Amino acid sequence: MKEFGDLRFTQDPGKSLMLNYMTPHGKWKIHSTYSDNQRMTTLSRGIEPLWISEIDAARLELVDNDWVEIHNDNGVVVTRAAVSARIPPGICIQYHAPERTYSVPKSPLRNGKRAGGHNSLTRIRMKPNLMVGGYGQFTFHFNYWGPTGVNRDTHILVRKLPNLEW
Amino acid sequence: MDVRSQVAMVFHLDKCIGCHTCSVACKNIWTDRKGAEYMWWNNVETKPGTGFPTAWEDQEKYDGGWELENGKLRLKSASKTQTIFNIFHHPHMPTMDDYYEPWTYDYQELFNAPPGEDQPVARPISMVTGELINIQSGPNWDDDLGGSPIYARNDPNLESLTPEARRQLFAVEELVMFYFPRICNHCLNPSCVASCPSGALYKRGEDGIVLVDQNRCRGWRACVPACPYKKVYYNWNVGKSEKCILCYPRLETGQAPACFHSCVGRIRYLGVVLYDASRIEETAKLPADQLVEGQRRLILDPNDPEVIAAARNNGIHDSVIESAQKSPVYQFVNVWKIALPPHIEYRTMPMLFYVPPLAPVMSERQGTTLTNISEDLFHDIDDARIPMKFMASLFGAGHEDYVRYALRKQKAVRWYRRALTVGDVTAEMVDRMLREADCSREEAEAIYRLTSLCTFEQRFVIPPMHREEAIEMMEDPMEHKQETGFGFLHGPRRTM
Numbered sequence: 130m131k132e133f134g135d136l137r138f139t140q141d142p143g144k145s146l147m148l149n150y151m152t153p154h155g156k157w158k159i160h161s162t163y164s165d166n167q168r169m170t171t172l173s174r175g176i177e178p179l180w181i182s183e184i185d186a187a188r189l190e191l192v193d194n195d196w197v198e199i200h201n202d203n204g205v206v207v208t209r210a211a212v213s214a215r216i217p218p219g220i221c222i223q224y225h226a227p228e229r230t231y232s233v234p235k236s237p238l239r240n241g242k243r244a245g246g247h248n249s250l251t252r253i254r255m256k257p258n259l260m261v262g263g264y265g266q267f268t269f270h271f272n273y274w275g276p277t278g279v280n281r282d283t284h285i286l287v288r289k290l291p292n293l294e295w
Numbered sequence: 010m011d012v013r014s015q016v017a018m019v020f021h022l023d024k025c026i027g028c029h030t031c032s033v034a035c036k037n038i039w040t041d042r043k044g045a046e047y048m049w050w051n052n053v054e055t056k057p058g059t060g061f062p063t064a065w066e067d068q069e070k071y072d073g074g075w076e077l078e079n080g081k082l083r084l085k086s087a088s089k090t091q092t093i094f095n096i097f098h099h100p101h102m103p104t105m106d107d108y109y110e111p112w113t114y115d116y117q118e119l120f121n122a123p124p125g126e127d128q129p130v131a132r133p134i135s136m137v138t139g140e141l142i143n144i145q146s147g148p149n150w151d152d153d154l155g156g157s158p159i160y161a162r163n164d165p166n167l168e169s170l171t172p173e174a175r176r177q178l179f180a181v182e183e184l185v186m187f188y189f190p191r192i193c194n195h196c197l198n199p200s201c202v203a204s205c206p207s208g209a210l211y212k213r214g215e216d217g218i219v220l221v222d223q224n225r226c227r228g229w230r231a232c233v234p235a236c237p238y239k240k241v242y243y244n245w246n247v248g249k250s251e252k253c254i255l256c257y258p259r260l261e262t263g264q265a266p267a268c269f270h271s272c273v274g275r276i277r278y279l280g281v282v283l284y285d286a287s288r289i290e291e292t293a294k295l296p297a298d299q300l301v302e303g304q305r306r307l308i309l310d311p312n313d314p315e316v317i318a319a320a321r322n323n324g325i326h327d328s329v330i331e332s333a334q335k336s337p338v339y340q341f342v343n344v345w346k347i348a349l350p351p352h353i354e355y356r357t358m359p360m361l362f363y364v365p366p367l368a369p370v371m372s373e374r375q376g377t378t379l380t381n382i383s384e385d386l387f388h389d390i391d392d393a394r395i396p397m398k399f400m401a402s403l404f405g406a407g408h409e410d411y412v413r414y415a416l417r418k419q420k421a422v423r424w425y426r427r428a429l430t431v432g433d434v435t436a437e438m439v440d441r442m443l444r445e446a447d448c449s450r451e452e453a454e455a456i457y458r459l460t461s462l463c464t465f466e467q468r469f470v471i472p473p474m475h476r477e478e479a480i481e482m483m484e485d486p487m488e489h490k491q492e493t494g495f496g497f498l499h500g501p502r503r504t505m
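In the order they appear, the protein sequences are chains Z and H.
FYI, the numbering for the first sequence is 130 to 295, going by my numbering.
FYI, the numbering for the second sequence is 10 to 505, going by my numbering.
Right under this line is the structure:
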């Protein structure tokens with residue numbers, strides 16, 4: 130596999146596909162909290178799924194609602210697939226930011242440890258203007274002033290989860 | 010003329026953002042109970058999609074609504090003999106797989122897990138059995154998919170489409186989706202009421218709200234397959250059926266139903282219409298292409314002196330007639346004719362109407378954009394990304410003209426406003442468009458105001474309920490002291 134972006138040290142476990150990965154603002158994230166309570170997860174899929182194009186899903190022999198394992202140099206996510214014609218091939222998304230407290234299985238690629246959350250795959254790359262500092266809102270502070278969703282654009286390998294373990 | 014009053018509704022689909030605030034408001038108030046977990050009296054679907062319960066529009070599968078047989082209306086799911094044979098098992102009853110198995114999470118695990126290498130996690134458990142479950146479906150499973158091999162492609166409304174139109178509906182950059190919020194339609198010819206072997210379902214005399222009498226219901230569930238919209242649900246805990254009550258305790262105290270009140274996109278309108286009950290049957294028997302127009306004729310002009318006199322004669326209070334004259338529903342449905350009933354071919358005469366949504370045009374055809382390629386100012390209505398046939402299947406019993414009329418008028422109103430606010434359209438152009446869309450400047454202004462600038466009071470014109478003149482007998486007031494809406498055991502003044 131060619132080294133690329135956040136895929137420099139990642140081993141291809143086979144039967145995977147390299148995709149662009151983004152974590153946009155979720156439909157249910159009307160406020161930054163209360164989005165993954167029982168009521169709201171019932172109105173979606175009980176989990177924050179990985180949205181993937183039907184063309185890529187066919188390549189991976191994935192059917193809607195199958196479990197997938199997504200990884201790169203930064204970490205691992207295990208969730209289910211939402212297969213949609215609205216996603217162009219080559220891209221996948223997981224809406225930020227599900228709690229890691231519910232419906233997170235263990236990851237074979239992480240030697241059976243619990244998989245991560247959507248940000249386990251992303252990394253913070255500070256831009257100079259995020260580090261200007263010295264003036265109120267321009268001072269970096271985690272979750273306050275820093276890279277936004279678009280900065281979380283990275284690449285991952287996705288595969289069908291070989292075995293589901295809790 | 011047998012004039013009755015009905016609280017009717019309009020949902021403006023162009024304004025729906027699919028936030029499900031309505032669903033949550035309803036769920037929190039009415040169905041957050043054991044046995045009712047799976048019920049969504051109000052739900053919002055993504056179209057194209059299969060909806061909830063899955064593929065509810067497929068009446069081959071569910072057998073809902075009425076059909077015409079030798080000039081007679083008959084229930085598809087029941088008849089006197091059929092009811093006896095099916096009373097313990099109805100072959101067209103939706104099952105838990107058609108709805109979904111409600112779940113929650115084993116949150117206690119987060120507190121009670123023994124110390125270990127890894128963080129604990131709350132796994133999904135069934136709210137029916139309490140066991141761990143593998144979540145396979147939900148009440149909004151095809152949310153936003155807009156096109157997925159399993160769900161959207163099985164939308165029953167796609168049947169009439171050409172293969173090319175289908176392909177386009179599921180191709181990135183060409184597809185489109187819209188939201189379709191649904192509650193009970195409180196029909197004029199309700200098949201749920203007709204199907205009940207115990208006579209537990211009834212249509213309230215004063216406002217037409219369809220209810221299940223919880224004292225009379227014996228849980229036979231004939232109403233569940235009979236309703237073609239699948240808006241009666243069986244409560245497995247108490248063994249009785251339940252449905253949307255249009256928040257009548259709220260209406261009786263002058264408040265809009267919770268789903269209307271909480272609507273973020275302000276898509277919902279509610280008001281009284283007067284209708285002629287003596288013509289319901291002949292209207293429900295009309296050929297499919299005349300049903301939309303027939304239902305409009307059933308709804309009477311509340312300003313017509315003859316109608317007013319007949320209404321008074323039937324005991325309808327002056328305050329209700331006044332309310333009907335201010336009804337936004339009458340404007341949308343009968344005056345402007347831009348709100349249409351969903352699937353009127355089921356012949357239940359739904360009293361919830363939808364303003365069909367305008368869709369973006371196809372981005373590219375024959376290598377050029379569609380802007381200004383035609384003399385026909387309305388070419389984009391038929392070239393919209395939502396195929397006209399699809400809309401007609403939903404809102405016109407398969408007949409495109411009703412939908413086309415509504416969409417053309419909506420477009421003319423937009424261009425009318427564009428001429429006023431942006432100023433890049435000439436007055437001649439606007440006048441031509443309005444003329445071709447069968448709309449005057451005054452009407453366009455009125456549509457614009459009620460669509461975009463409407464206040465709470467304009468959207469919800471709620472009549473005083475006059476329970477003292479209610480038709481049906483009510484609960485014992487002694488038993489229901491201090492509860493909203495207690496009524497009278499004896500002596501209804503009017504009769505059916």
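Glycine included, each C-beta is placed from N, C-alpha and C at the ideal position.
Remember, predicted model here, so these are calculated numbers, not experimental data.
- When 9 angstroms is used as the limit between beta carbons, Z/SER232 is near these residues of chain H: TYR114, VAL130, ALA131, ARG132, PRO133, ILE144, in chain order.
- In terms of beta-carbon proximity, H/LYS36 lines the interface with chain Z, with at least one pair separated by less than 8 angstroms.
- By the Cβ criterion, the region 199 to 213 of chain H is not in contact with the region 433 to 441 of chain H, since fewer than three pairs of Cβ atoms, one from each stretch, lie closer than 8 angstroms.
- By the neighbour-count criterion, in which 16 or more other beta carbons inside 10 Å mark a residue as buried, H/ASP41 falls on the exposed side.
- Beyond the five residues adjoining it in sequence on each side, H/GLN334 comes within less than 8 angstroms, by CB distance, of PRO311, ASN312 in the same chain, given in chain order.
- Around the Cβ of H/LEU260, a 10 Å sphere holds 16 or more other Cβ atoms; the residue is buried.
- For H/PHE465, the enclosing alpha helix (DSSP H) starts and ends at 465 to 468.
- Each of H/THR138, H/ASP447, H/MET18, H/LYS249 was checked against the Cα of H/PHE362, and the nearest Cα belongs to H/MET18.
- Not one beta carbon of chain H lies nearer than 8 angstroms to the beta carbon of Z/GLY246.
- Within the region 255 to 276 of chain H, no residue has a Cβ lying closer than 8 angstroms to any Cβ of chain Z.
- Annotation: H/ARG426 to H/TYR457 spans about 8 angstroms, alpha carbon to alpha carbon.
- For Z/ILE222, the enclosing beta strand (DSSP E) covers residues 220 to 222.
- Of H/GLY274, H/GLU331, H/PRO365, the smallest CA-CA separation from H/ILE347 is found for H/PRO365.
- Close partners of H/ASN149 in chain Z (Cβ separation under 7 angstroms): LEU172, SER173.
- By the rule that beta-carbons nearer than 8 angstroms mark a contact, H/ASP127 touches chain Z.
- DSSP lists H/VAL219 as the bridge partner or partners of H/LYS212.
- Listed in chain order, the positions of the region 200 to 218 of chain Z with a beta carbon within less than 9 angstroms of a beta carbon of chain H are ARG209, ALA211, VAL212, SER213, ALA214, ARG215, ILE216, PRO217, PRO218.
- The way I'd put it, the region 223 to 235 of chain Z does touch the region 243 to 252 of chain Z; three or more beta-carbon pairs between them come closer than 8 angstroms.
- Sixteen is the threshold: since fewer than 16 other Cβ atoms of the shown chains lie within 10 Å of the Cβ of Z/TYR264, the residue is exposed.
- No Cβ-Cβ contact shorter than 8 angstroms links H/ALA421 with H/CYS463.
- Between the region 247 to 258 of chain H and the region 218 to 230 of chain H there are three or more inter-stretch CB-CB distances shorter than 8 angstroms, so the stretches are counted as touching.
- Taking 8 angstroms as the CB threshold, Z/ASP193 lines the interface with chain H.
- Z/ASN292 sits close to Z/PRO237, with the two beta carbons spaced by under 8 angstroms.
- Beta-bridge annotation (DSSP): Z/ALA210 is paired with Z/LEU179.
- Between H/TRP424 and H/MET397, the C-beta gap is not smaller than 8 angstroms, which leaves the two residues out of contact.
- Taken in chain order, the complete alpha helix (DSSP H) segments of 4 residues or longer contained in the region 68 to 130 of chain H are 68 to 71, 89 to 94, 117 to 121.
- Within a 10 Å sphere around the beta-carbon of H/PRO148 sit 16 or more other beta-carbons, which makes this residue buried.
- H/GLY58 counts as buried, since at least 16 other C-beta atoms from the protein chains shown sit within 10 angstroms of its C-beta.
- Secondary-structure assignment with DSSP links H/TYR363 through a beta bridge to H/PHE20, H/LEU349.
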